[in-house]
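Q: The structure is given below, and queries will be raised subsequently.
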Amino acid sequence: AQRVTQPEKLLSVFKGAPVELKCNYSYSGSPELFWYVQYSRQRLQLLLRHISRESIKGFTADLNKGETSFHLKKPFAQEEDSAMYYCALSAGGTSYGKLTFGQGTILTVHP
Amino acid sequence: DARVTQTPRHKVTEMGQEVTMRCQPILGHNTVFWYRQTMMQGLELLAYFRNRAPLDDSGMPKDRFSAEMPDATLATLKIQPSEPRDSAVYFCASGPSGGREEFFGPGTRLTVL
Chain F
77 AQRVTQPEKL LSVFKGAPVE LKCNYSYSGS PELFWYVQYS RQRLQLLLRH ISRESIKGFT
137 ADLNKGETSF HLKKPFAQEE DSAMYYCALS AGGTSYGKLT FGQGTILTVH P
Chain V
5 DARVTQTPRH KVTEMGQEVT MRCQPILGHN TVFWYRQTMM QGLELLAYFR NRAPLDDSGM
65 PKDRFSAEMP DATLATLKIQ PSEPRDSAVY FCASGPSGGR EEFFGPGTRL TVL
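These protein sequence lines map, in sequence, to chains F and V.
Mapped onto the numbering used here, the consecutive letters of the first sequence carry residue numbers 77 to 187.
Mapped onto the numbering used here, the consecutive letters of the second sequence carry residue numbers 5 to 117.
Pasting the structure below:
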């Protein structure tokens, strides 16, 4: 079965500092990875997906199959980046269309 | 801009009462998910449906929770009887046929006293 691990429950940085939210996964097949963001008391929304290879709101994430990681990075954090971030994996087979979520990381960016 | 809708947005009830939460998936989406979010457990998948058929409800306490899709435009999650430990935010999400992304609703914040 697939599994997603976000080792940091809480992460605090100062505005302008680089930030990296860690995500590791276990899955024997070829996964599709996502990052979702949830701002205070709002719905979860897709931030980015690995197949798009794009930068959203300054965030990037690279799928490293050797290390089975999909860390989210931003070179200069902003206060408005404070939110809960979830890493998620989409497997194939009978689980197609269902996401497996990590436990989430609460990012706080201090002024 | 199509969005998943959920009602009610907030619900306060007393222990032992029945709670029904409703979700309208995005039109044309054939997969619907119910999640529960708490500080301690994070996001837990309770159940999900494809083409209105339940595929997996192993995350749901069977004795008190039930999930149904009466039609393609409505999914319901019912708790009977409710308990204080059920207090959480319940999210519904939907996904398109052949797609892997999930689109979330705004959630129902449930408080059981």
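Glycine included, C-beta positions come from ideal geometry on N, C-alpha and C.
Quick one, are the C-beta atoms of F:G180 and V:L114 less than 9 Å apart?
A: Position 104 of the first sequence, counted from the first residue, corresponds to residue 180 of chain F. Position 110 of the second sequence, counted from the first residue, corresponds to residue 114 of chain V. In this structure, V:L114 does not lie closer than 9 Å to F:G180 by Cβ.
Q: How would you label V:Q57, buried or exposed, when you count the other beta carbons within 10 angstroms and need 16 or more for buried?
A: Within the second sequence, the letter at position 53 stands for residue 57 of chain V. The residue you asked about is not Gln; residue 57 of chain V is Ala in the sequence shown. Flag for V:A57 reads exposed.
Q: Please classify V:R89: does DSSP put it in a helix, a strand, or coil?
A: Reading the second sequence from its first residue, position 85 is the one you call residue 89 of chain V. If DSSP states are grouped into helix, strand and coil, V:R89 belongs with the helices.
Q: List the residues of chain F whose Cβ lies closer than 7 Å to the Cβ of V:L114, in chain order.
A: Indexing the second sequence from 1 puts residue 114 of chain V at position 110. Within chain F, no residue comes near V:L114; the closest Cβ sits about 14 Å away, beyond 7 Å.
Q: With 16 as the cutoff for other CB atoms within 10 Å, does V:L49 come out buried or exposed?
A: Here residue 49 of chain V refers to the residue found at position 45 of the second sequence. V:L49 comes out buried.
Q: Let me know the secondary structure DSSP gives F:V96 once reduced to three states.
A: For the purposes of this step, residue 96 of chain F is identified with residue 20 of the first sequence, where counting begins at 1. In the sequence on display, residue 96 of chain F carries Glu and not Val. F:E96: strand per DSSP, three-state reduction.
Q: Is V:Y94 close to chain F, meaning its C-beta is less than 9 Å from at least one C-beta of that chain?
A: Start at 1 with the first residue of the second sequence, and residue 94 of chain V comes out as number 90. For V:Y94, the answer is no, since every Cβ of chain F falls outside 9 Å of its Cβ.
Q: Identify, in the order they occur along the chain, each residue of the same chain with its Cβ nearer than 6 Å to the Cβ of V:M64, setting aside the five sequence neighbours on each side.
A: Here residue 64 of chain V refers to the residue found at position 60 of the second sequence. If we look at V:M64 and ignore the five residues flanking it on each side, its Cβ neighbours are L50 and A51.
Q: Can you check which of these residues, F:L122, F:F135, F:S131 and F:H126, is closest to F:E96 by C-alpha distance?
A: As a first step, residue 96 of chain F is located in the first sequence; it is residue number 20 there, counting from the start. It is F:F135.
Q: Starting from V:V23, trace the beta strand (DSSP E) both ways and give me its first and last residue.
A: In the second sequence, the residue the question calls residue 23 of chain V occupies position 19. That run of the beta strand (DSSP E) goes V23 to Q28.
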